[in-house]
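All remarks here apply to the structure that follows.
Number of protein chains: 2
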Amino acid sequence: MTANTTAACCAPIAREPLAESDAAELAGLLKAVADPVRLRLLSMIGSHAGGEACVCDLTDAFDLTAPTISHHLKVLRTAGLIDGERRGTWVYYRIVPETVNKLGALFAPLAEPELVTV
Amino acid sequence: MTANTTAACCAPIAREPLAESDAAELAGLLKAVADPVRLRLLSMIGSHAGGEACVCDLTDAFDLTAPTISHHLKVLRTAGLIDGERRGTWVYYRIVPETVNKLGALFAPLAEPELVTV
DNA sequence: CTATCATTTAGACAGGTTTCAAAGCAGGAG
DNA sequence: CTCCTGCTTTGAAACCTGTCTAAATGATAG
Chain Y
1 MTANTTAACC APIAREPLAE SDAAELAGLL KAVADPVRLR LLSMIGSHAG
51 GEACVCDLTD AFDLTAPTIS HHLKVLRTAG LIDGERRGTW VYYRIVPETV
101 NKLGALFAPL AEPELVTV
Chain Z
119 MTANTTAACC APIAREPLAE SDAAELAGLL KAVADPVRLR LLSMIGSHAG
169 GEACVCDLTD AFDLTAPTIS HHLKVLRTAG LIDGERRGTW VYYRIVPETV
219 NKLGALFAPL AEPELVTV
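For the record, the sequence lines run as chains Y and Z.
Heads up: the first sequence runs through residues 1 to 118, numbered per our numbering.
Heads up: the second sequence runs through residues 119 to 236, numbered per our numbering.
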């Protein structure tokens, strides 16, 4: 179609127009992380020693009630970004790297902002 | 080859807990792209020949009214993800790579040993 | 100046989100 | 068994979003 003279740059999102179905799926994932509390939860879980974190640790880090934290964890779990398991009294969550990678792949390699000027 | 080899693990989000202020800023950015229409708009603008796209092209690709598209473009513009300019009759939008890179840097290097060598 | 096309703004409405209090479940301790 | 603690579910209130129609603004042509 075109000369495509600026090929050495583009993140997937800027390489070709996103298909409608892909956009819908990715938007669902992005909605799950597009919240300050859930971003911090995801970060806390992912950076916790052993790769997993107990809900009790997470709840104490916020000025929010336990049901609210539980709700946010459910959103992340439903989106497939985290996975939870009960061991005895406590419930532990860990990250699902495959799903997180989908997000990374979306915007990732947008190289240096040295684009061809107009 | 031992000079700061980014290990096969951690995206910034999984390296250390996100600060509250960073989480708020990033969540704002993510909210702007967490919509199928806006994702496709961003992708269309970024992948368009010349690095910019006219609103008229964008509007025709959706089953939505012009005001709705305009609303979504405003959200992307307010978030700093795109930048618009009027030239004569038409308004042209282009991507702001710096802002998009912030998103790429968040989830990017999580466990995928694929190296960018282009 | 008037007509017309392209885009944005304003106002309104249905539907979804975030949050909390209260109640419900599941394990462990006494 | 009974109680207590950790976590989830439910139900409801306040708020935010996506979409539309109608109207305003900007630019160009006649």
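Glycine included, each C-beta is placed from N, C-alpha and C at the ideal position.
The model shown is predicted, which means the values in this text are computed figures rather than measured ones.
Check                                                                                                                                : Outcome
C-beta neighbour in chain Z for E52 (chain Y), strict 7 Å                                                                            : no
R15 (chain Y) in three-state terms, based on DSSP                                                                                    : coil
Whole-angstrom distance between G88 (chain Y) and L157 (chain Z), CA atom to CA atom                                                 : 42 Å
Chain-order list of residues whose beta-carbon lies under 8 Å from that of E108 (chain Y) (same chain, five-residue window excluded) : The amino acid occupying residue 108 (chain Y) in the given sequence is Ala; Glu does not appear at that position. Correct list, in chain order: A11, P12.
DSSP-derived helix/strand/coil call for V214 (chain Z)                                                                               : coil
Unbroken beta strand (DSSP E) run spanning A172 (chain Z), endpoints                                                                 : Note that residue 172 (chain Z) is Cys in the sequence shown, not Ala. From DSSP, the beta strand (DSSP E) with C172 (chain Z) extends over 170-172.
Whole-Å CB distance - P36 (chain Y) paired with A142 (chain Z), under 8 Å assumed                                                    : 5 Å
Inter-residue CB distance, L176 (chain Z) and L159 (chain Z) (contact presumed, cutoff 8 Å)                                          : 6 Å
Within-7 Å CB hit, D83 (chain Y) to chain Z                                                                                          : no
Within-7 Å CB hit, G104 (chain Y) to chain Z                                                                                         : yes
Residues near A179 (chain Z) by beta carbon distance below 8 Å, same chain, minus five either side                                   : R158, M162
Runs of beta strand (DSSP E) wholly within the stretch 59-106 of chain Y (minimum 3 residues, chain order)                           : 82-87, 90-95
Pair within 7 Å by beta-carbon distance, K102 (chain Y) and A152 (chain Z)                                                           : no
Interface residues of the stretch 27-51 of chain Y facing chain Z [CB-CB below 7 Å]                                                  : A27, L30, K31, V33, A34, D35, P36, L39, R40, L42, S43, M44, G46, S47
Chain-ordered residues of the stretch 69-103 of chain Y with a beta carbon less than 8 Å from chain Z                                : I95, P97, V100, N101, L103
L136 (chain Z) at chain Y interface by Cβ criterion, 7 Å                                                                             : yes
Rounded C-alpha distance that separates A76 (chain Y) from I82 (chain Y)                                                             : It should be noted that the sequence gives Leu, not Ala, for residue 76 (chain Y). Their backbone Cα atoms lie some 6 Å apart in a straight line.
Chain Y within 7 Å of L180 (chain Z), Cβ atoms only                                                                                  : The residue you asked about is not Leu; residue 180 (chain Z) is Phe in the sequence shown. Cβ-Cβ to chain Y under 7 Å: no for F180 (chain Z).
Assigned exposure category for A66 (chain Y) - 16 Cβ within 10 Å defines buried                                                      : exposed
C-alpha gap between L29 (chain Y) and T186 (chain Z), whole angstroms                                                                : 23 Å
Three-way DSSP call (helix, strand, coil) for D153 (chain Z) in this model                                                           : coil
C-alpha distance - A79 (chain Y) paired with L26 (chain Y), whole-angstrom precision                                                 : 10 Å
Secondary structure of A226 (chain Z), DSSP reduced to three states                                                                  : coil
Any C-beta of chain Z under 7 Å from that of A66 (chain Y)                                                                           : no
Neighbour-count burial assignment, G168 (chain Z), 16 or more Cβ in a 10 Å radius                                                    : exposed
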